[in-house]
Amino acid sequence: NRSTEDVISHVLHSSLTHIDSNNGNYKRLLFIDYSSAFNTIVPIKLASKLIDLGLNFSLCNWILDFLTGRPQVVKAGQYTSNSITLYVGAPQGCVLSPLLYSLYTHDCVSSHSSTSIIKFADDTVVLGLIHNNNEAAYLDEVEKLTSWCQDNCLSLNVSKTKELIVDSRKRQQWPYTPLMISGTPVERVSSFKYLGVNISEDLTWTTHIQTQVNKARQRLYHLRQLRKFRVSPAILKTFYSGAIESVLTQCISVWYGNSSSQDCKALQRVVRLAERISGSALPPLQDIYLKRCKSRAVIIIKDSNHPSNGLYTLLPSGKRFRSLMAKTERLRRSFFPQAIRLLNSNPAC
């Protein structure tokens with residue numbers, strides 16, 4: 001019961017708090033890409049791991065039988081290929097496959113206190129908290145991850161694996177150690193699209209917002225076409241909510257608080273244009289952002305197993321939450337500190 005917003009918020013909060021704690025700190029993020037991750041699961045290895053986790057032996061055998069000896073054909077129009085039998089992998093599109101993959105990779109964990117491995121289905125990111133230019137733990141973590149993948153028959157796609165370095169220091173004091181995986185250099189990028197959100201090395205959101213604004217503007221064409229067909233305002237508003245607002249507000253609790261005023265105006269211009277086309281009043285993005293922050297915070301507080309649950313600590317009064325300390329405005333305006341301020345300003349929520 002986790003969303004992409006949960007994962008991205010965790011990655012960003014970890015980065016911001018590390019950088020906020022010391023001017024000499026920076027962070028290296030490695031976004032891992034696997035070659036056909038679901039297709040390379042070894043059923044017998046999975047069954048062994050499930051048994052180690054304490055799952056019922058009969059259930060493990062059922063899963064092993066489900067994944068082993070699956071016939072597969074390719075159908076194009078009226079033509080059907082010969083059938084082949086698969087003995088590895090999990091079927092694409094099966095609701096069980098992401099869960100099985102998560103269980104298959106549950107033992108892929110970080111081995112250093114200054115590193116962490118965050119997984120969301122087959123999307124994996126290695127976080128390295130660098131202090132005093134000591135990158136040894138991070139480089140060792142990447143090497144151990146590579147070995148783990150080899151032992152578990154997962155193939156790293158190094159050409160699509162990218163590294164992002166978040167460094168707010170005014171002057172780079174020491175050259176970054178080039179990252180290599182199996183002898184192949186990993187490309188360093190200035191921006192990476194992670195779970196649908198473009199994260200930039202300076203942790204600004206202009207690139208992401210411009211992308212979403214352009215996508216939303218393209219869909220305004222369809223809104224105009226619906227109006228030409230004299231569709232009712234209620235249907236126009238429904239189309240806006242499903243096709244345009246959903247684009248503008250994707251993971252909004254993650255990035256809106258640290259967006260520049262210029263970027264916020266660009267977003268709101270799309271909303272105003274949609275209002276003129278549809279003839280209906282539409283909710284401002286600021287209101288959606290505040291509502292989303294509150295609702296997400298409440299969900300996290302109620303879920304004691306949520307990785308971020310510990311950030312919400314009640315004061316002795318039992319009515320307010322302890323504020324998160326932040327030296328920089330960027331951390332103060334990020335999701336978790338902002339959500340706590342919103343909850344404290346209206347405890348009834």
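Positions 1 to 349 (UniProt numbering) are the ones given, in order, by the sequence shown. Beta carbons are placed, not taken as given, at the ideal position from N, Cα and C, and that holds for glycine.
Cα atoms of Lys160 and Asp123: separation of roughly 12 Å, rounded to the nearest angstrom. Between Val95 and the set Ser308, Ala121 and Ser111, the nearest pair of CA atoms involves Ala121. Between Trp174 and Asn133, the alpha-carbon positions lie close to 7 Å from each other. Rounded to the nearest whole angstrom, the C-alpha separation of Ser14 and Asp6 is 12 Å. Apart from sequence neighbours up to five positions away, the residues of its chain that approach Leu285 with a beta-carbon distance below 8 Å are Leu248, Thr249, Ile252, Tyr256, Cys264, Leu267, Gln268 and Val271, ordered along the chain. For Ile252, the three-state secondary structure derived from DSSP is helix.
Residues Pro233 of the same chain have their beta carbon placed closer than 6 Å to that of Gly279, with the five preceding and five following residues left out of the count.
Shown here, Arg28 sits in a strand according to DSSP, grouped into three states. The beta carbon of Arg188 sits closer than 7 Å to those of Glu163 and Ile165, all from its chain and outside the five residues before and after it, given in chain order. The beta carbon of Asp33 sits closer than 6 Å to those of Asn157, Lys160 and Thr161, all from its chain and outside the five residues before and after it, given in chain order. Just so you know, the alpha carbons of Asp167 and Ile19 end up roughly 8 Å apart. Inclusion of Phe38 and Gln92 in the CB contact set at 8 Å is warranted, their separation being smaller than that value. Contact annotation: Thr40 and Gly77 have beta-carbon atoms that are not nearer than 8 Å. Within the same chain, Cβ atoms closer than 7 Å to the Cβ of Trp205 are found at Trp255, Asn258, Ser259 and Asp263, the five residues on either side in sequence being excluded. Contact between the region 140-156 and the region 295-306 is absent: fewer than three C-beta pairs spanning the two stretches fall below 8 Å. One alpha carbon belongs to Leu226, the other to Val197, and they sit about 29 Å apart. Contact check for Pro98 and Leu64: beta-carbon distance about 18 Å, past the 8 Å limit, so the pair fails to qualify.
By the criterion of a C-beta distance shorter than 7 Å, Thr207 is surrounded in its chain by Ser191, Asn198 and Ser200, once the five residues flanking it on both sides are discounted. Secondary structure of Thr146 (DSSP, three-state): helix. The straight-line gap separating the alpha-carbon atoms of Met325 and Arg332 is approximately 8 Å. About 6 Å separates the beta carbon of Leu129 from that of Lys27, a gap short enough to meet the 8 Å contact definition. Check the Cα spacing between Ala136 and each of Ser147, Leu103, Leu100 and Tyr176: the tightest is with Tyr176. Excluding sequence positions up to five before and after Asn309, its CB lies within less than 8 Å of the CB of Ile300, Ile301 and Asp303, all in the same chain and listed in chain order.
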